């Protein structure tokens, strides 16, 4: 695996500074004996400094892609096309049975829900059926792509629904992102450059209530992480295509740190993959809790 150690100082001209110091060697040491590929990017939201490993390589997002889908719908809410309180009729035919869906398990015959609840199921519970409902509400792949380009994010691609992915697992590699692209999308969110205050607060609270993933497992109790997870099962060769987590961590000082963790081509066990995510969470917490402004 090639590990590219990069540090960016964000300014008007986005100058690139290559550094062999900082958090990257700690991360590299964690995975040195692991048979997988890691994409990693982290941004100190106070200084704008970004570090990363394989930060410009593309990785399948899996359910992390529900974050840009939800963000696109929230933008349409701010534009006046929808309201969070608008009710949507979800029919039994929309609740596919061969997929992860807490909503279907709870309401197998369908239900009418406000958009706010649909977003909560999609982000906090990672429901695949509600994700496809939001995908359609956002206008499909073409409109989501336009939205991402308006955000000046070119390295995040949302192409297929969850239902399409279950029909052809290879499509997961079209729904891809670079760690740098995901950090960019998280940055415009947390810097409140895309959503109005009410919408920002709503989506932040939903992301902070995410029930999936292992990022918090080794963090001090009460640490706030607003994030989205995504993972694949292992294929017939026993390889995991994706074990991912992307979001914003809030440190005791109030500092916010955006991060993107993408694991692909992993020959490790499921537990090892999740342990790496939780270990990286603790590394981020410990490193940036020192309030370093330079690395």
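Residue numbers (our numbering): 95 to 389. Glycine is no exception: its CB is placed at the ideal position from the N, C-alpha and C atoms. Remember, it's a predicted structure, so these values are computed and weren't measured experimentally.
In the structure shown, the three-state DSSP call for residue 321 is strand. Beyond the five residues adjoining it in sequence on each side, residue 354 comes within less than 6 Å, by CB distance, of 135, 273, 276, 277 and 340 in the same chain, given in chain order. The beta carbon of residue 297 sits closer than 6 Å to the beta carbons of 168 from its chain, once the five residues preceding and following it are set aside; these are given in chain order. For the beta strand (DSSP E) assignment, the uninterrupted runs of no fewer than 3 residues enclosed by the region 193-226 are, from N- to C-terminal side, 204-208. Between residue 129 and residue 351, the CB-CB gap reaches or exceeds 8 Å. In the three-state reduction of the DSSP assignment, residue 343 falls in the strand class, which pools E and B. By the neighbour-count definition (other C-beta atoms within 10 Å, threshold 16), residue 220 is a buried residue.
Looking at 178, 125 and 153, the one whose alpha-carbon comes closest to that of residue 295 is 178. For residue 288, no alpha helix (DSSP H) encloses it, and the DSSP letter there is neither H nor E. Using a Cβ-Cβ distance cut-off of 8 Å, the region 146-156 and the region 255-274 are in contact, since at least three pairs of beta carbons, one from each stretch, lie closer than that value. Collapsing the DSSP output to three states places residue 131 in a strand. When beta bridges are read from the DSSP output, residue 337 appears opposite 325 and 357. When DSSP states are grouped into helix, strand and coil, residue 123 belongs to the helix group. If you ignore the 5 residues before and after residue 224, its C-beta comes within less than 6 Å of the C-beta of 197, 212, 215 and 216, all in its own chain and listed in chain order.
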